[in-house]
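Novice: Just passing along the structure, written as structure tokens.
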Amino acid sequence: MIVFTKHALERMKQRAIARDEVVQALTKLEKRMTDSLGHTIAQLETNNKILRVFFVEREGNIIVITAYRTSQEKYKKV
1 MIVFTKHALE
11 RMKQRAIARD
21 EVVQALTKLE
31 KRMTDSLGHT
41 IAQLETNNKI
51 LRVFFVEREG
61 NIIVITAYRT
71 SQEKYKKV
């Protein structure tokens, strides 16, 4: 089950990112990384941008913390 935090939903609304896009990033999972805080990052290229989704996995659930789009140049090789 995918759960969205209040923070994630607020940021997604501000950034015009649909839930379906986040679900796609999590299911396609082109790249998967971990940040220094232990959050997992799913990365998916869409429309010449990269969608990055930060999440944690707990008790069989995926908890989405935040999501944003960025340029391909910045994170393409990450």
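Mapped onto the numbering used here, the consecutive letters of the sequence shown carry residue numbers 1 to 78.
Yeah, the Cβ is synthetic: ideal placement off N, Cα and C, and Gly gets one too.
Apart from the five residues just before and just after THR70, which ones in its own chain have a Cβ nearer than 8 angstroms to its Cβ?
Specialist: LYS49, ILE50 and ARG52
Novice: With C-beta atoms as the reference, is VAL64 less than 9 angstroms away from THR5?
Specialist: yes
Novice: Distance, Cα to Cα, VAL78 vs ALA25?
Specialist: For VAL78, the predicted structure reports a pLDDT of 47, less than 50, and the residue's modelled location is therefore unreliable. A value from the coordinates is still provided. Roughly 16 angstroms between the two C-alpha positions.
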